[in-house]
Structures are given as C-alpha cells and as structure tokens.
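Numbering (the working numbering), first residue to last: 7 to 50.
Read the structure below first, then the notes.
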C-alpha cells in the first residue's frame, strides 16, 4: 500500500529523471554560478 507521500516522491523522482527538467536545472545552475562569480568578483 502506497501512501500519498510515497506517490509524491515517485512523481518527483520521475520529474528529476526528465531530460527537459535536467536541461532547465543545468541552465539555472549555470546562471546562478555566473551571478555568484560576478558578486564575488565585485568584492561587495
């Protein structure tokens, strides 16, 4: 018997395995890294 929470976890895992989602995540991570690098370089 699956609990609703478990179903949610399985759905979440499927989303994480999705190629499109992975691509978005990668782009988002790259943008965050650029922003972080920029902020560090500003030495605010």
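Every residue, glycine too, gets a C-beta built ideally from N, C-alpha and C.
Counting along the chain, residue 25 sits inside the alpha helix (DSSP H) bounded by residues 25 to 48. When rounded, the separation of the alpha-carbon atoms in residue 13 and residue 49 is 45 angstroms.
Within the model, the alpha-carbon separation for residue 45 versus residue 15 is close to 35 angstroms.
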